[in-house]
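A.B. asks: Take a look at this one; I'll ask things after.
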Amino acid sequence: DQVVSSKELQEMSNQGSKYINKEIQNAVNGVKEIKSLIVKTNEERKSLLHVLEQAKKQKEDALNETRDSETRLKALSGVCNETMMALWEECKPCLKQTCMKFYARVCRSGSGVVGHQLEEFLNQSSPFYFWMNGDRVDSLLESDRQQSHMLDIMQDHFGQASSIIDELFRDKFFTREYPGISHYQPFDLLHRRPHILFPKSRFAR
Amino acid sequence: SLLPYAPFEPLNFQDMFQPFFDMIRQAQQAMEIDLHSPAFRPPQMDFIAEGDEDNRAVCREIRHNSTGCLKMKDQCEKCQEILSVDCSANSPSQEQLRQELNDSLRIAEQLTKKYNDLLQSYQWKMLNTSSLLDRLNEQFNWVSRLANLTQGEDQYYLQVMTVTSRAPDSEAPSGATGVSVRLFGSDPMTVWVSEEVSRNNPKFIETVAEKALQEYRRKYRE
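Each protein sequence line maps, in turn, to chains B and F.
Note that this note's numbering has the first sequence beginning at 1, numbered continuously upward.
Note that this note's numbering has the second sequence beginning at 206, numbered continuously upward.
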């Protein structure tokens, strides 16, 4: 053992305890820093939501325009029918064969049912739908539906969490400004409780 | 205020901090969302899928209503020929309408992709908020523990018991100084301060206290 006087040990304990006291203050401030980050992230989320709503409006406008064009074009269908029908009769078997080959290789489960279902689907489809890129329009409409569903779910979850967090952060623990680090007084038991956690005013009451 | 003040009876920290933990837990549960559920699988759009798209989605679409097969039209020559049939000779207005449709379709596809990207950013905000709530919970745990610990009767938060030089066979770094301390009245622990920081250096005791707190927090996390 190094020869260290009890006075020096006492002084070291005092200095060390002051440091710990400061760390307690830092721990409480750590809670408040995380709170600030949560508040900041929520503000960013709200502005992102605003951008999302604008982008949704633009997208919906473009989708409506697409649907209008498709409706007007459908009204004119019948032109070039012979050409298209002839090509369609050769397109269908190729499409079915390609798709079933893919399905058997990648999807592995029951190709039989899918093959029959695909046959029916192609026989009921018209080459005009193809020529108008009807599949792309339908794919867009499906995406639009799915994206709305995703946002609704996220909004619902954020809404619940935000109201709880708002209430939590209204508590005095988060709103009070803690005085600078109090001078560490090891002997006064009342001060043994770090002011930052139990401000004197609370005990005074 | 969530923290009921108890001016005279002994402070029960569990009760005092419990409301905070309950609310943080409720907020965490509210944020729990299964981002792998079908609702959160980004929509499959062949005009966007580069390279090897998510095959499971195409399989699902083929099973669901066969439209997934139409995405393979590029692999069939006669299907491609349908797309290039030019009806303008018979009906110029039809051809023009088709051009308008393709133009608005392309814009709608771009805006749908842009919206998709924004939705992904929004999901990231959710994940970010969730991890911040986890951090808040952990930090609160530490603060409530410190509040509890500072109620002991010990005269000091950190009591320095002995200061020793490194024993020849010890695994501590050579020249290091060993300081045995009790933190918040816990069992004594020894922290080693390297020889660069001598006992007379003002940083010495700070280094001791910092190491002791780190060790304490590590044990508490375990």
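Beta carbons: idealized from backbone N, C-alpha and C, even for Gly.
Work out the CA separation of residue 276 of chain F and residue 103 of chain B for me, nearest whole Å.
C.D. replies: If I take the Cα positions, the gap works out to 13 Å.
A.B. asks: Does the beta carbon of residue 423 of chain F come closer than 9 Å to any beta carbon on chain B?
C.D. replies: No, its Cβ sits nowhere closer than 9 Å to a Cβ of chain B.
A.B. asks: Please identify the residue among F/228, F/287, F/379 whose C-alpha is closest to the C-alpha of residue 134 of chain B.
C.D. replies: Nearest of F/228, F/287, F/379 to residue 134 of chain B, Cα basis: F/287.
A.B. asks: Residue 132 of chain B: buried (16+ other C-beta within 10 angstroms of its C-beta) or exposed?
C.D. replies: With 16 or more other Cβ atoms within 10 Å, it is buried.
A.B. asks: Provide the residue span of the beta strand (DSSP E) that contains residue 356 of chain F, from first to last.
C.D. replies: Careful: residue 356 of chain F lies outside any beta strand (DSSP E) and carries neither H nor E.
A.B. asks: Short check: CB of residue 385 of chain F to CB of residue 378 of chain F, under 9 Å?
C.D. replies: It is not a contact, given that the beta carbons lie outside the stated cut-off.
A.B. asks: Threshold first: 4 residues or longer. Then list the alpha helix (DSSP H) segments lying entirely within the region 67-124 of chain B, N to C.
C.D. replies: Correct list: 81-102, 111-124.
A.B. asks: Determine the extent of the beta strand (DSSP E) in which residue 370 of chain F is found, giving its start and end residues.
C.D. replies: From DSSP, the beta strand (DSSP E) with residue 370 of chain F extends over 363-370.
A.B. asks: Going along chain F in order, which residues have a C-beta closer than 9 Å to the C-beta of residue 157 of chain B?
C.D. replies: Under the 9 Å cutoff, chain F gives 235, 236, 237, 238, 331.
A.B. asks: Residues of the region 28-56 of chain B in Cβ contact with chain F at a cutoff of 8 Å, in chain order, please.
C.D. replies: Against chain F - using a Cβ distance shorter than 8 Å - the residues of the region 28-56 of chain B are 28, 30, 31, 34, 35, 37, 38, 41, 42, 44, 45, 48, 49, 51, 52, 55, 56.
A.B. asks: Quick check on residue 59 of chain B - is its C-beta less than 9 Å from some C-beta in chain F?
C.D. replies: Output row for residue 59 of chain B: interface = yes.
A.B. asks: Within the 9 Å Cβ cut-off, does residue 7 of chain B reach chain C?
C.D. replies: You won't find chain C in this structure, because its protein chains are B and F.
A.B. asks: When the distance is taken between beta carbons, is residue 96 of chain B closer than 9 Å to residue 122 of chain B?
C.D. replies: Taking 9 Å as the Cβ cut-off, residue 122 of chain B and residue 96 of chain B qualify as a contacting pair.
A.B. asks: For residue 240 of chain F, which of helix, strand or coil comes out of DSSP?
C.D. replies: In the structure shown, residue 240 of chain F sits in coil (DSSP, three-state: anything other than H, G, I, E or B).
A.B. asks: What does the Cβ neighbour count give for residue 306 of chain F, buried or exposed, with the cut at 16 atoms within 10 Å?
C.D. replies: So residue 306 of chain F ends up on the buried side.
A.B. asks: In the DSSP assignment, what are the bridge partners of residue 397 of chain F?
C.D. replies: In the DSSP output, where bridge partners are listed per residue, residue 397 of chain F has F/383.
A.B. asks: At a CB distance below 7 Å, what residues from the region 96-118 of chain B approach chain F? Give them in sequence order.
C.D. replies: Those would be 98, 99, 102, 103, 106, 107, 114, 117, 118, in chain order.
A.B. asks: Rounded to whole angstroms, what is the Cα-Cα separation between residue 236 of chain F and residue 161 of chain B?
C.D. replies: Answer to the nearest angstrom: the Cα atoms are 6 Å apart.
A.B. asks: Name the residue from F/308, F/274, F/367, F/366 whose alpha carbon lies nearest to the alpha carbon of residue 68 of chain B.
C.D. replies: Residue 68 of chain B has its Cα closest to that of F/308, out of F/308, F/274, F/367, F/366.
A.B. asks: Which bits of chain B does residue 347 of chain F rub up against, with CB to CB less than 7 Å?
C.D. replies: Ordered by position in chain B, the residues that pass the 7 Å Cβ test against residue 347 of chain F are 27.
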